[in-house]
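Undergrad: The following block contains the structure, expressed as structure tokens.
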């Protein structure tokens, strides 16, 4: 069984391999949690990172009859109401780990925060670089090839430096969060930036689309969530609507809040991630807790789907 090179591509150390250990060639899909949307006309949250080997990619070599820990990244909360409301969070990372060491990870989606009216006033805030960028922020935090996600919309370049980890107060506005297939759209003062589209996962035998970016808040109109479950942005300055959450498990980032600056409407929350493992028909796969499911596809391959944190054993 070949041993892969760099840790990001799954090294022997990352897999916990020892000399002579029996291993199982395992296909994977690892989706991280989506980022939370900003408030009051701000950016959509970025989609959680999307990494898969199926079909045709390099499989993981997981150790036979050993238990691996599966962590499902949570969705980030959206911007809270009012000037002093809670700031939005990035999505959580999803991981496969053995013996306390990460085997493979996807990065949580970036925050859809524009930098406007931070708490305390005049403070700078982390931009939340993630699997995909929230608003104008960068994607592919893990530096993987192929990339786990894309940046958000362009935003206002006068307010954002790609060489720092902070965004200045005052912008950018109106940018959709990035998705796995493409970047978000929108730029300063245009409003209504759409989230980037997600990608279709085929590993379960029932294809679904995941990791879409959230739409921006409305100035003058809301941005659509990306295809594949990103949150719709809140309404424009007339409706003052809150941003919508991502709408399907493993789907993407939350939408930005709508409304004029005086309203500070809330942003939508991102959704949690998902991990799927698939092994050949001559193995069995066991998952805990029971809310994580196992099945057999028509060709005999065994599949485990994790929507909550748990463990997996292949034997």
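Residue numbers (our numbering): 990 to 1304. Just so it is clear, CB atoms sit at the ideal spot from N, CA and C, and this is done for glycine as well.
Below 9 angstroms between beta carbons: does that hold for residue 1097 and residue 1124?
TA: no
Undergrad: Name the two residues that bound the continuous beta strand (DSSP E) containing residue 1299.
TA: 1299 to 1303
Undergrad: Helix, strand or coil for residue 1053 per DSSP?
TA: coil
Undergrad: Buried or exposed: residue 1016, going by 16 or more other Cβ atoms within 10 Å of its Cβ?
TA: The residue in question, residue 1016, is buried, as its Cβ has 16 or more Cβ neighbours within 10 Å.
Undergrad: If you draw a straight line from the C-alpha of residue 1256 to the C-alpha of residue 1127, how long is it?
TA: 19 angstroms
Undergrad: Here's the rule: buried if 16 or more other CB atoms are within 10 angstroms of the residue's CB, otherwise exposed. What is residue 1233?
TA: buried
Undergrad: Sorted by chain position, which residues of the same chain lie with C-beta nearer than 6 angstroms to residue 1080's C-beta, five sequence neighbours on each side aside?
TA: 1021, 1022, 1023, 1024, 1037, 1062, 1064, 1065, 1097, 1098 and 1259
Undergrad: Pop quiz: residue 1085 and residue 1059 are said to be a contact at Cβ under 8 angstroms. What is the actual Cβ separation, rounded to whole angstroms?
TA: 6 angstroms
Undergrad: Expressed to the nearest angstrom, what Euclidean distance is found between the alpha-carbon atoms of residue 1219 and residue 1273?
TA: Between residue 1219 and residue 1273, the C-alpha separation is close to 34 angstroms.
Undergrad: Enumerate in chain order the residues of its own chain whose CB-to-CB distance from residue 1185 is below 6 angstroms, with the five nearest sequence positions on each side excluded.
TA: 1139, 1167, 1168, 1171, 1172, 1173, 1202 and 1215
Undergrad: Excluding the 5 residues preceding and the 5 following residue 1165 in the sequence, name in chain order all residues of the same chain whose CB lies nearer than 6 angstroms to its CB.
TA: 1033, 1142, 1173, 1174, 1175, 1182, 1183, 1184, 1202, 1204, 1205 and 1212
Undergrad: Just confirm the distance between the C-beta atoms of residue 1050 and residue 1194, as a whole number of angstroms; I'd bet it's less than 8 angstroms.
TA: Their Cβ separation, rounded to whole angstroms, is 23 angstroms, which puts residue 1050 and residue 1194 out of contact at 8 angstroms.
Undergrad: Alpha carbon to alpha carbon, how far is residue 1101 from residue 1243? Give it in angstroms, no decimals.
TA: 8 angstroms
Undergrad: Work out the CA separation of residue 1078 and residue 1070 for me, nearest whole Å.
TA: 14 angstroms
Undergrad: Quick one: grab the DSSP three-state call for residue 1085.
TA: strand
Undergrad: Within 10 Å of its beta-carbon, does residue 1011 have 16 or more other beta-carbons around it, so buried, or fewer, so exposed?
TA: exposed
Undergrad: Determine the DSSP secondary structure at residue 1148, reduced to helix, strand or coil.
TA: Bear in mind that the predicted position of residue 1148 carries a pLDDT of just 44, short of 50, making it unreliable; the figure below should be weighed with that in mind. Residue 1148: helix per DSSP, three-state reduction.
Undergrad: Is it buried or exposed, residue 1129, if we count other Cβ atoms within 10 angstroms and call 16 or more buried?
TA: buried
Undergrad: In its own chain, which residues sit with a C-beta less than 7 angstroms from the C-beta of residue 1268, not counting the 5 before and 5 after it?
TA: 1013, 1015, 1274, 1290, 1291 and 1303
Undergrad: Would you list the one or two residues that DSSP bridges to residue 964?
TA: For the chain, the structure presents residues 990 to 1304; residue 964 sits outside this window and is missing.
Undergrad: Please state whether DSSP places residue 1014 in a helix, a strand or coil.
TA: It is a strand residue.
Undergrad: By the 10 Å Cβ neighbour count, where 16 or more other Cβ atoms means buried, how is residue 1076 classified, buried or exposed?
TA: Under this definition residue 1076 is a buried residue.
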